[in-house]
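Notes to accompany the following structure.
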Amino acid sequence: MGLRFLVVEGNTRGARQAHKQAYGLTLSESYAEVLQEIEGGAVCDIAFPADEGANLPDAAGLESYDGIVLTGSHLNIYDRTPDIVRQIDLMRAVYASRTPSFGSCWGLQVAAVAADGDVRQNPLGREVGFARKLTPTEAGRAHPLLEGRPAAYDAPAIHLDMVTALPGDCTVLAGNAVSPVQAAEIRQDGGVFWGVQYHPEFSLGELAAILERRTDILVREGFCRTPEDALAYTADLAALHRDPTRFDLAWRHGIDAEVLEPQRRTREIRNFVEHRVKTEKSARGRA
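Each residue of the sequence shown is one higher than the one before, starting from 1 at the first, in UniProt numbering.
The structure is reproduced here in structure tokens:
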């Protein structure tokens, strides 16, 4: 029997539709595709906790999944609006269900807050395009989440917020000059969460589609001098997505095989499936 995943979409309905218009899929739909590419035959359900009245799984429903994955989001968790509080509450239920869970960016932030950590704006500003020189901590070098990652690596990223206060039972696994918490394991109420602040699930095509909708931010915050510069940057990323052998573009933007090769870029998700989801499923099968 194939693996069953629940993909928890972090965005509100309007943001989901905007992403789908730009990229052809919502964040959760593209995340589900990544999971199905990693694990052929996987079944992925999608939940929308940002939506009022959404039909969310109860405790037994959460326990029935082999793994739960949280996507990114346009929201800021410190706003604590009802669409955010519902997601924090769902993550608390995920911990209590003890189902293996993983999250990217917003997913890590929700998991931290649900375990009584805190998230604030990064005083150094936004990390956009790529998180550079990600470096495993001593704990991270021995942790299965980062198995196969080199001593320093880059990954797709776009975020302004970061974990600023660690939950009580949290192990930081990687950081960089922009944020000291780029990967972590959090334990709460018998559940174990693995998460990253970057986006191993993003192809260069999806990253380009996101940044193309945010050219005003790229210019306003000084990443690009003009809107034309910003569009040229996103066009390069999209071209490199279509043809990963474009050495000229890879060289120009400092993008190496850790990003260009899908198996390497999605390393953390693959490790989660292999070392948490399959291991837990096997253990439950023996019980």
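Note that CB positions come from ideal geometry on N, CA and C, so glycine has one too.
Q.
Which same chain residues end up closer than 7 Å to L173 when comparing Cβ atoms and leaving out the 5 residues on each side of it in sequence?
A. P136, T137, A139, G140, H143, L145, L146, A183, A184, E185
**Q.** Bounding residues of the beta strand (DSSP E) (the contiguous stretch that carries G191)
**A.** 191–196
Q: Indicate whether the contact test is met: 3 or more Cβ pairs, each with one atom in the region 230–239 and one in the region 56–75, closer than 8 Å.
A: No, because fewer than three Cβ pairs between the region 230–239 and the region 56–75 fall closer than 8 Å, the two stretches do not touch.
Q. Does the beta-carbon of L240 have 16 or more other beta-carbons within 10 angstroms, so that it is buried, or is it exposed?
A. Buried, by the Cβ-count rule.
Q. Which word fits M162, buried or exposed, when buried means at least 16 other C-beta atoms lie within 10 angstroms of its C-beta?
A. buried
Q: Give the straight-line distance between the Cα atoms of A230 and Q87, rounded to the nearest whole angstrom.
A: So the alpha carbons of these two residues sit roughly 33 Å apart.
(Q) Can you give me the C-alpha to C-alpha distance between N176 and A18, rounded to a whole angstrom? (A) 31 Å
**Q.** Closest residue to G61 among A32, A42, E39, A96 (Cα-Cα distance)
**A.** A96
Q: Output the boundary residues of the alpha helix (DSSP H) element that contains Q87.
A: 82–97
Q: Could you check the C-alpha separation between C170 and V113 for me, to the nearest Å?
A: 12 Å
Q: List the endpoints of the continuous alpha helix (DSSP H) containing Y23.
A: 13–23
Q | Residue from Q21, Y153, Q188, A152 with nearest C-alpha to P167 | A | Q188
Q.
On the DSSP bridge list, what partners appear for R4?
A. V43
**Q.** Cβ-based burial, V90 [other Cβ within 10 Å; buried from 16]
**A.** It is Leu, not Val, that sits at residue 90 in the sequence shown. Result: buried.
Q. In terms of alpha-carbon separation, which member of L27, F202, R246 lies closest to N11?
A. L27
(Q) What does the alpha-carbon distance come out to for the pair T266 and V34? (A) 8 Å
Q.
For F223, report the span of its beta strand (DSSP E) as first-last.
A. Where F223 is concerned, there is no enclosing beta strand (DSSP E), because DSSP gives it neither an H nor an E.
Q | Cβ neighbours of A115 in the same chain (closer than 6 Å, five flanking residues each side left out) | A | P167, I186, Q188
Q) For G67, does the three-state DSSP call read helix, strand or coil? A) For G67, the three-state secondary structure derived from DSSP is strand.
Q. How many angstroms separate the CA atom of G190 from the CA atom of F102?
A. 15 Å
Q. Between H275 and R220, what straight-line distance do the alpha-carbon atoms span, to the nearest angstrom?
A. 42 Å
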